[in-house]
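A.B. asks: Under numbering that gives the first Met the number 0, the residue at position 293 of the sequence shown is numbered 292, and the numbers go up by one with no gaps. Backbone N, C-alpha and C define an ideal beta-carbon position, used for all residues, glycine too. Computed from a prediction, not measured in an experiment: that's the story for all the values here. One structure is given below, represented as structure tokens, and several questions about it will come after.
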Amino acid sequence: MTAASDSLTPRQKWGAFAVTVAVAIATILDLVKVNVTLAPIEHTLGATSSQSQLIVAGYVLAFGILLVPSGRLGDLWNRKAMFIIGLLTFMAASLLCALAWHANVLVAARFVQGFAAGLLMPQVIGLIQNLFQGPERGRAFGIFGASIGLGTAFGPTIGGLLIGALGEDLGWRWTFGMNVPIALIILPFALKLLPNRQRHLKREGRRDLDLVGVVLMAATVLLVMLPFVLTTGTAADDPARWWLLVGALVAGAVFVAWERRYLAAGRDPVIDFGLFRYASYRNGVIITTVWFAVMPPMFLVMTLYTQQGLGHPAVVVGMITIPYAFVSAAVAAWSGRHTFTHAAALVLAGALIYVVALVGMIAVGLWAAPEATPWLFAGVLAIG
Numbered sequence: 000m001t002a003a004s005d006s007l008t009p010r011q012k013w014g015a016f017a018v019t020v021a022v023a024i025a026t027i028l029d030l031v032k033v034n035v036t037l038a039p040i041e042h043t044l045g046a047t048s049s050q051s052q053l054i055v056a057g058y059v060l061a062f063g064i065l066l067v068p069s070g071r072l073g074d075l076w077n078r079k080a081m082f083i084i085g086l087l088t089f090m091a092a093s094l095l096c097a098l099a100w101h102a103n104v105l106v107a108a109r110f111v112q113g114f115a116a117g118l119l120m121p122q123v124i125g126l127i128q129n130l131f132q133g134p135e136r137g138r139a140f141g142i143f144g145a146s147i148g149l150g151t152a153f154g155p156t157i158g159g160l161l162i163g164a165l166g167e168d169l170g171w172r173w174t175f176g177m178n179v180p181i182a183l184i185i186l187p188f189a190l191k192l193l194p195n196r197q198r199h200l201k202r203e204g205r206r207d208l209d210l211v212g213v214v215l216m217a218a219t220v221l222l223v224m225l226p227f228v229l230t231t232g233t234a235a236d237d238p239a240r241w242w243l244l245v246g247a248l249v250a251g252a253v254f255v256a257w258e259r260r261y262l263a264a265g266r267d268p269v270i271d272f273g274l275f276r277y278a279s280y281r282n283g284v285i286i287t288t289v290w291f292a293v294m295p296p297m298f299l300v301m302t303l304y305t306q307q308g309l310g311h312p313a314v315v316v317g318m319i320t321i322p323y324a325f326v327s328a329a330v331a332a333w334s335g336r337h338t339f340t341h342a343a344a345l346v347l348a349g350a351l352i353y354v355v356a357l358v359g360m361i362a363v364g365l366w367a368a369p370e371a372t373p374w375l376f377a378g379v380l381a382i383g
């Protein structure tokens, strides 16, 4: 048992768990509910297609960049303090999103919001690991996975309902602004229920943040992303933007070399590339990368296609993911109880089902009648 869980009653542990899950859901909601707001944002703020892409991608980029260093900071310092800082930053950035008077202000606020989410999520995972051990940890992560599934699926629904009820301008603003009262409700519970200290597993060598590695990784990802963000599909697109990919290759090579040198010096790099020698780790990274490279973009493309391409209202588009929410939550809760005994089989079955669902989504997009498309998408998503 960890020091955090030794002194807590079951009621206190599950109370702290509820706080962490609530915040995790809020960060995931902001990853997906933004999809249905893009058309209203373009109409009311005059956002360009590149700005719309940055509103989505900026959050994800900042989120991903900060995961490793903020997790390291939580280990070195205090997860509860990091959690509170992240929550306050997330609330402030959400307020700025809601009040944005220009598309560039919204883009900047989304970057800050993503940084806040990147501060929060490692603390959520670390706190859950400290609170629970053994089979109880498996149950906790099963509930966590189910909650994330619900948040992922209901995010567009919430955004669509707000836009449908409040109109385009107020609707998209409250899609972000709703985080402010949620954070204010969670904050006192976080201060009261989260454990102040935790015992960390010790390992040889110095633990540090590898800030150079973080910057190089961020530069690599940004240089890969920018040419696609700057692509609008019009004659005004500058072909020179693709040269940024050459810069990405250079930055990536420098990043790998730096990380290997950093590890050889006995320090903790952002990524230990030696871990890729282990098949279980390598395969896990590949599966996770493929899933995140395909699933979130699929939701975004589906939303834009049904909302802007076919002209369905935001509230209808948002409801497409409701069946997915219930099925994914139920399956995540069930699989969490069997992770320790059937992990490989569960991953394989999930991957196969996902491929079938992906083919179904493509078929619906190509051949379904426009009026039936949202409902067919909903049915296919319930499978995958």
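Select from K32, F153, F82 the residue whose C-alpha is nearest the C-alpha of R109.
C.D. replies: Ranking K32, F153, F82 by Cα distance to R109 puts K32 first.
A.B. asks: Tell me which residues share the same chain as R202 and place their Cβ nearer than 6 Å to its Cβ, disregarding the 5 neighbours each side in the sequence.
C.D. replies: With a pLDDT of only 47 at R202, under 50, the local geometry of the prediction cannot be trusted, and the value read off the model is given with reservation. Contacts found: none.
A.B. asks: Would you tell me roughly how many angstroms separate the C-alpha atoms of A152 and I124, rounded to the nearest one?
C.D. replies: Whole-angstrom Cα-Cα distance: 21 Å.
A.B. asks: With distance defined between alpha-carbon atoms, name the residue in A102, V59, I64 nearest to V211.
C.D. replies: Ranking the options by Cα distance to V211, first place goes to I64.
A.B. asks: So the candidates are V330, P39, T219; which of them puts its Cα closest to the Cα of L244?
C.D. replies: Measuring from the Cα of L244, the nearest candidate turns out to be T219.
A.B. asks: Can you tell me whether K79 is buried or exposed? The criterion is at least 16 other CB atoms within 10 Å of its CB, across all chains shown.
C.D. replies: K79 should be labelled buried.
A.B. asks: Taking the straight line between their C-alpha atoms, what separation do you get for Y277 and A362?
C.D. replies: So the two alpha carbons sit approximately 37 Å from each other.
A.B. asks: State the Cα-Cα distance for the pair L200 and R138, rounded to the nearest angstrom.
C.D. replies: Per-residue confidence for L200 stands at a pLDDT of 45, beneath the threshold of 50, marking its modelled position as unreliable; no derived number is given.
A.B. asks: So the candidates are L30, R10, A38, K12; which of them puts its Cα closest to the Cα of G308?
C.D. replies: When only C-alpha atoms are compared, the closest one is A38.
A.B. asks: Output the boundary residues of the alpha helix (DSSP H) element that contains I84.
C.D. replies: Unbroken alpha helix (DSSP H) run through I84: 78-98.
A.B. asks: Classify A371: buried if its beta carbon has 16 or more other beta carbons within 10 angstroms, exposed otherwise.
C.D. replies: A371 comes out exposed.
A.B. asks: If we call anything under 8 Å between Cβ atoms a contact, is G113 one with V35?
C.D. replies: Contact flag unset, no.
A.B. asks: Taking C-beta to C-beta, are M120 and L192 nearer than 8 Å?
C.D. replies: Not in contact: M120 and L192 (Cβ atoms no closer than 8 Å).
A.B. asks: Using the Cα positions of V355 and R266, report the straight-line distance between them to the nearest angstrom.
C.D. replies: Approximately 44 Å between the Cα atoms of the pair.
A.B. asks: Does DSSP put I157 in a helix, a strand or coil?
C.D. replies: Looking at I157 - three-state DSSP - the assignment turns out to be helix.
A.B. asks: Alpha carbon to alpha carbon, what distance is there between A102 and G45?
C.D. replies: So the two alpha carbons sit approximately 7 Å from each other.
A.B. asks: What residue range is occupied by the uninterrupted alpha helix (DSSP H) comprising V123?
C.D. replies: Residues 102-130.
A.B. asks: Could you check what DSSP says for L200 in three-state terms: helix, strand or coil?
C.D. replies: In this prediction, L200 has a pLDDT of 45, which is less than 50 and means its spatial position is unreliable; nothing more can be read from the coordinates.
A.B. asks: Quick check on DSSP: helix, strand or coil for M294?
C.D. replies: Of the three classes helix, strand and coil, the one that applies to M294 here is helix, per DSSP.
A.B. asks: Might you give, ordered along the chain, the residues of its own chain that have their beta carbon closer than 8 Å to the beta carbon of G159, omitting 5 neighbours on each side?
C.D. replies: These residues qualify, in order along the chain: V35, P312, A313, V314, V315, V316, G317, M318.
A.B. asks: Taking C-alpha atoms, which residue in W13, D236, Y280, L248 lies nearest to D49?
C.D. replies: At residue 49 the sequence reads Ser, which differs from the Asp that was named. Checking every option, the nearest Cα to that of S49 belongs to D236.
A.B. asks: Quick check on the burial criterion: 16 or more other C-beta atoms within 10 angstroms. Buried or exposed for R129?
C.D. replies: It should be pointed out that residue 129 corresponds to Asn in this sequence rather than to Arg. By the 10 Å Cβ count, N129 comes out buried.
A.B. asks: Check whether the stretch 344-359 and the stretch 163-178 touch, using three or more Cβ-Cβ pairs below 8 Å as the test.
C.D. replies: These segments do not touch.
A.B. asks: Going by Cα to Cα distance, which pick from L98, G117, I40 is closest to S69?
C.D. replies: Minimum Cα distance to S69 is reached at G117.
A.B. asks: Is the beta carbon of V22 less than 8 Å from the beta carbon of F188?
C.D. replies: No. Outside cutoff.
A.B. asks: Cα separation between L165 and T156?
C.D. replies: Looking at the two C-alpha atoms, the distance is approximately 14 Å.
A.B. asks: Determine the closest residue to F275 out of V379, R259, W290, with distance taken between C-alpha atoms.
C.D. replies: Selected option, being the one with the closest Cα: R259.
A.B. asks: Enumerate in chain order the residues of its own chain whose CB-to-CB distance from L225 is below 8 Å, with the five nearest sequence positions on each side excluded.
C.D. replies: Once the five neighbours on either side are set aside, the close Cβ partners of L225 are R240, L243.
A.B. asks: When we look at the beta-carbon of Y323 and count the other beta-carbons within 10 Å, is it buried (16 or more) or exposed?
C.D. replies: Buried, since its Cβ has 16 or more Cβ neighbours within 10 Å.
A.B. asks: Take I27 and list the residues in its own chain whose beta-carbon comes closer than 6 Å to its own, dropping the five residues that flank it on each side.
C.D. replies: For I27, where only same-chain residues beyond five positions count, the Cβ hits under 6 Å are I147, G150, T151.
A.B. asks: DSSP three-state label for T47, please.
C.D. replies: In this structure, T47 counts as coil in the three-state DSSP scheme.
A.B. asks: Restricting to Cα atoms, I'd like to know which of W290, L208, F16, P369 is closest to I352.
C.D. replies: Residue W290 is the option with its Cα nearest to I352.
A.B. asks: What are the start and end residues of the alpha helix (DSSP H) that includes E370?
C.D. replies: From DSSP, E370 is part of no alpha helix (DSSP H); its letter is neither H nor E.
A.B. asks: Helix, strand or coil: how does DSSP classify N282 here?
C.D. replies: Three-state DSSP puts N282 in a helix.
A.B. asks: With distances taken between CB atoms, is the gap from A25 to I127 smaller than 8 Å?
C.D. replies: Not in contact: A25 and I127 (Cβ atoms no closer than 8 Å).
A.B. asks: Looking at L53 and V228, is the spacing between their C-beta atoms short of 8 Å?
C.D. replies: In contact: V228 and L53 (Cβ atoms closer than 8 Å).
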